[in-house]
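J.: For this note's numbering, count along the sequence shown from 1 and bump the result up by 24.
C-beta atoms are modelled at their ideal positions from N, C-alpha and C, and glycine is treated no differently.
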Amino acid sequence: MNIEVLISEEKLQERIQEIASEIEKDYQGEDVVFCSVLKGAIFFTVDLMKKYKGDALIDFIRVSSYEGENSTGKITLKIPLQKEHIEGKNIILVEDIVDTGRTFNYLVDYVKDLNPKSVKTCVLLDKKARRIEHFEADYVGFSIDDLFVIGYGLDYDEKYRNLPYVGYVKKN
Ligand code: IMP
Ligand code: MG
25 MNIEVLISEE KLQERIQEIA SEIEKDYQGE DVVFCSVLKG AIFFTVDLMK
75 KYKGDALIDF IRVSSYEGEN STGKITLKIP LQKEHIEGKN IILVEDIVDT
125 GRTFNYLVDY VKDLNPKSVK TCVLLDKKAR RIEHFEADYV GFSIDDLFVI
175 GYGLDYDEKY RNLPYVGYVK KN
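(1) Taking D133 as the reference, which of V147, K75, L101 has the closest Cα?
(2) Would you call the CB atoms of G165 and I40 closer than 9 Å?
(3) DSSP three-state label for D169, please.
(4) May I ask you to report which of helix, strand or coil DSSP gives D50?
(5) Does any heavy atom of ligand 1 sit closer than 8 Å to the C-beta of K136?
(6) Quick check: is any heavy atom of ligand 1 less than 8 Å from the C-beta of R86?
(7) Run through the DSSP bridge pairs and tell me what G191 is partnered with.
If you want it as structure tokens, here you go:
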């Protein structure tokens with residue numbers, strides 16, 4: 025595959041530092057739980073947490089909606105959260121990318137049902153052009169064009185997650 029770099033490793037890390045500082049300001053003195061959406065968001069979540077200076081916990085949830093390049097539209101919960109880890113806590117849902125908006129809307133509703141103190145959303149990449157359901161994240165890394173992207177956690181049929189940058193497949 026002919027992979028072009030869209031966002032370099034350096035730009036990713038710079039922007040993630042800015043988001044970490046923004047979150048620090050918003051939650052001064054309060055614990056937060058970074059709730060990472062497996063598998064795509066783990067790279068982003070780890071780098072964000074390492075840059076975050078306040079008190080933070082980590083948790084994981086797994087849903088799936090995608091096969092190949094296409095969203096199936098149907099979201100299945102593969103690894104749930106435990107209510108006792110969420111109840112009364114400040115939850116920040118961390119995702120790799122928002123596309124149609126379906127996954128995030130599903131996740132926010134799911135977390136709200138577990139009685140958190142608050143819920144916010146943080147996403148590395150936002151593909152606004154593809155939105156089917158209305159959704160605005162509280163923290164956004166980069167807005168990107170309608171491209172299928174891979175790397176830094178994002179996969180194409182489970183591959184390419186390990187690229188240190190965000191890239192796209194150049195079709196020729
Ligand atoms: P949504 O429910 O359509 O917003 O889809 C969000 C999920 O689709 C993300 O968590 C990704 O797993 C996947 N996804 C959407 N666009 C891309 C892409 O360009 N590359 C890789 N995965 C994507
Ligand atoms: Mg995902």
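T.: So, to answer that:
(1) Checked all of V147, K75, L101; the closest Cα to D133 is L101.
(2) The Cβ atoms of G165 and I40 lie closer than 9 Å to each other.
(3) DSSP, read as helix, strand or coil, puts D169 in coil.
(4) In this structure, D50 counts as helix in the three-state DSSP scheme.
(5) Relative to ligand 1, K136 has its C-beta separated by 8 Å or more from all heavy atoms.
(6) Not one heavy atom of ligand 1 lies closer than 8 Å to the C-beta of R86.
(7) Partner(s): V29, I174.
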